[in-house]
Amino acid sequence: GAVVSQHPSRVICKSGTSVKIECRSLDFQATTMFWYRQFPKKSLMLMATSNEGSKATYEQGVEKDKFLINHASLTLSTLTVTSAHPEDSSFYICSARDQGLAYEQYFGPGTRLTVT
Amino acid sequence: GESVGLHLPTLSVQEGDNSIINCAYSNSASDYFIWYKQESGKGPQFIIDIRSNMDKRQGQRVTVLLNKTVKHLSLQIAATQPGDSAVYFCAENIVGNTPLVFGKGTRLSVIA
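Keeping their order, the protein sequence lines are chains A and B. Counting from 1, one number per residue, gives the positions in the first sequence under the numbering used here. Counting from 117, one number per residue, gives the positions in the second sequence under the numbering used here.
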């Protein structure tokens, strides 16, 4: 099946610093990628949808200046958490959709962010 | 949105028994549904999907049932094994460019 990778798998950063998380589709081209966040014992919440070469669409309540998303190629999207605070600590999961299939959505393994 | 403080519902089953996990989906326009399994610290893992033109689909040891009248989805796991212990999420979308929307999830605990 299609593989999506994320890097890093876990990161600890200090409050006020920025952290970049990469999401790659390894064996397919993804015109659309999605970023979710998940708090402990909760479901996945969609943060934003990014289409290759265009600006991301953010869900209501998600600050676009805080969570910068770049989808510069068909295999790579990045999420940068700027000026991170402890409340940004969460599990961030990306997902990619194969451009040839309208409904298949493949998930990465997630990135655990801890802000101290 | 979700209420603060609510924990995931938990289903405990004896090893070897069948499990049934239920999900109420939200959008009557959704036409594609997926069940995911998520183990601790990992991303969601695809289990089985179903399109809205079907009401039942079977996989290996798993069956998904769809009742569009009451917007209900269920996942049946036959002969549940300890390795099935995880959190299970249903997800829905409208085929096209809409992203998957996840349900609240159910924790399945298998008692050996």
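Note that beta-carbon positions come from the ideal geometry of N, C-alpha and C, so glycine has one too.
Where the beta strand (DSSP E) containing residue i begins and where it ends
i             : result
residue 138/B : 135 to 140
residue 77/B  : Since the first residue shown for chain B is 117 and the last is 228, residue 77/B is missing from the structure and cannot be characterised.
residue 33/A  : 30 to 38
residue 177/B : Per DSSP, residue 177/B belongs to no beta strand (DSSP E) and is neither H nor E.
residue 45/A  : 44 to 51
residue 188/B : 188 to 193
residue 155/B : Segment: none, residue 155/B is in no beta strand (DSSP E) and carries neither H nor E.
Under 8 angstroms between C-beta atoms of residue i and residue j
i             : j             : result
residue 199/A : residue 2/A   : The requested residue 199/A does not occur in the structure, where chain A is confined to residues 1 to 116.
residue 150/B : residue 216/B : yes
residue 73/A  : residue 52/A  : yes
residue 152/B : residue 194/B : no
residue 189/B : residue 178/B : no
residue 26/A  : residue 36/A  : no
residue 30/A  : residue 96/A  : yes
residue 81/A  : residue 18/A  : yes
residue 92/A  : residue 76/A  : no
residue 86/A  : residue 158/B : no
Straight-line Cα distance separating residue j from residue i
i             : j             : result
residue 104/A : residue 223/B : 24 angstroms
residue 187/B : residue 136/B : 16 angstroms
residue 133/B : residue 203/B : 18 angstroms
residue 10/A  : residue 112/A : 4 angstroms
residue 218/B : residue 124/B : 13 angstroms
residue 154/B : residue 107/A : 11 angstroms
residue 139/B : residue 172/B : 15 angstroms
residue 13/A  : residue 21/A  : 12 angstroms
residue 196/B : residue 160/B : 19 angstroms
Handout entry: Interface positions of the segment 179 to 198 of chain B facing chain A (Cβ-Cβ less than 8 angstroms), listed along the chain
Key = none
Handout entry: Residues from the segment 19 to 49 of chain A in contact with chain B, defined by Cβ distance under 7 angstroms
Key = 32, 34, 41, 42, 43, 44, 46 and 49
Practice task
With 9 angstroms as the C-beta to C-beta threshold (strictly closer), list the residues of the segment 150 to 166 of chain B near chain A in chain order.
Solution key: So the close ones are 150, 152, 154, 157, 158, 159, 160, 161, 162 and 165.
Exercise for the section: Please list the residues of the segment 211 to 222 of chain B that have a C-beta atom closer than 9 angstroms to any C-beta atom in chain A, keeping them in chain order. Expected result: 211, 212, 213, 214, 215, 216, 217, 218, 219, 220 and 221
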